[in-house]
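Those letters in the sequence shown? Residues 9 to 243, per our numbering, in order.
The structure under discussion appears below in the form of structure tokens.
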Amino acid sequence: MKRVLLIISISFYIFHCYGQGVSKADTQAYEQYLTKTFAQYYPFSMLQRVYKYLYAYQEKGSIDDRYVFTDDSKGRGDTGNWEPADKGEGLPIATYMVGKEQGFSTSIRHYDDRAFPDSLRFIFKQGYAEFRSKYPKKSIAQKELIEALKGFDKAAHNKPLFFADIHKSYNDDIEAYVKDMFKSSILIDNKQNQRFLRKPSAEKMQNDAGVKFVIGIALYRLWLTQQEGKDEPHE
């Protein structure tokens, strides 16, 4: 049940908004306006791993659903061979306890017993670093996103559910929505990012507007792909 908690919530988050099939305008609008946002620096699979790890950690320190980091992971965009710490293959899982002597039994993978292990922290921080490297002044990214969302809103028929949030909480004011997100999100604001790194929590991730935005973009793209596949002629 715990394992599907995030999947259930994010599935509702996007699919609730669709009442009709995909149109060519939706695909074109996505490609033109939603592919170059800050979401590109945070792979959905990485955010999902972080959330599941933090959620498992807060449940009485259980190691179920924890993940180890393998040498096959090459950085942003590729989360590598993440594997459950309790997989039970018979292969030894090396231990790496921060502040204590290292006890590696293999150089291939390690297990870090903290709420936010180095393996996940590295990818999370790398995404933020690449975002800020591209946008030293986040005000520029903010302005670009406002323009992109306004353009998408006019062009697309079906939209990610964060547009429902914009309608309900911001009275369709895209600019106000983006400005609030840029002030409060752990994925965008340096102060919020550092606070999260010092004290990470599954609840903080679940409620973060930037995380919801990234999930919305990822699942919208998934929905487009699935709908386009249905429309293809069968031989």
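Even glycine gets a Cβ: it sits at the ideal position worked out from N, Cα and C.
Tell me the DSSP secondary structure of residue i in three-state form.
| i | result |
| --- | --- |
| Y59 | helix |
| T35 | helix |
| D188 | helix |
| S127 | helix |
| Y41 | helix |
| S193 | coil |
| K142 | helix |
| K199 | helix |
| Y50 | coil |
| K207 | coil |
Quick check on the burial criterion: 16 or more other C-beta atoms within 10 angstroms. Buried or exposed for residue i?
| i | result |
| --- | --- |
| K145 | exposed |
| K220 | buried |
| L169 | buried |
| T233 | exposed |
| D181 | exposed |
| N201 | buried |
| I225 | buried |
| L230 | exposed |
| A137 | exposed |
| K167 | buried |
| I148 | exposed |
| Q150 | buried |
Determine the closest residue to residue i out of the options, with distance taken between C-alpha atoms.
| i | options | result |
| --- | --- | --- |
| D34 | H165, D216 and G218 | H165 |
| Y38 | S141, I131, D161 and Y63 | D161 |
| I194 | Y41, E155, K142 and V58 | V58 |
| E211 | S53, D188, K60 and F52 | K60 |
| Q203 | K133, A64, T45 and Q56 | Here residue 203 is Arg; the residue named in the question, Gln, does not match the sequence. The candidate whose alpha carbon is nearest that of R203 is K133. |
| G251 | A47, K158 and E152 | Nothing can be reported for residue 251, as the shown portion of the chain is limited to 9 through 243. |
| S127 | Q235, L55, N179 and Q36 | L55 |
| T45 | W231, V222, H175 and S192 | V222 |
| N198 | N179, Y185, R140 and F171 | R140 |
| F171 | F52, Y228, K32 and K151 | Y228 |
| A156 | T43, D188 and K32 | T43 |
| N215 | M189, P125 and F130 | M189 |
| P208 | A217, L62 and K32 | L62 |
| Y41 | R129, P51, K142 and I154 | I154 |
| P51 | K32, G218 and H175 | G218 |
| S129 | K32, E236 and R206 | It is worth fixing the name first, because residue 129 is Arg in this sequence and not Ser. Checked all of K32, E236 and R206; the closest Cα to R129 is R206. |
| K158 | A184, K142 and K176 | A184 |
| A64 | S31, K32, F124 and Y49 | F124 |
| Y143 | S31, A163, Y49 and I131 | Y49 |
Give a single yes or no on whether residue i has its beta carbon closer than 7 Å to a heavy atom of the ligand SAM.
| i | result |
| --- | --- |
| K145 | What this structure holds is no ligand at all, so the ligand SAM is not there to describe. |
State yes or no: is the beta carbon of residue i nearer than 8 Å to at least one beta carbon in chain B?
| i | result |
| --- | --- |
| A149 | Given the protein chain composition of this structure (a single chain), no chain B is represented. |
Checklist line | Start-end ranges of the beta strand (DSSP E) lying completely within the stretch 144 to 184, minimum 3 residues | finding: none
Notebook entry, point to check: Which residue spans inside the stretch 210 to 242 form an unbroken alpha helix (DSSP H) run of at least 4?
Noted result: 210 to 215 and 217 to 239
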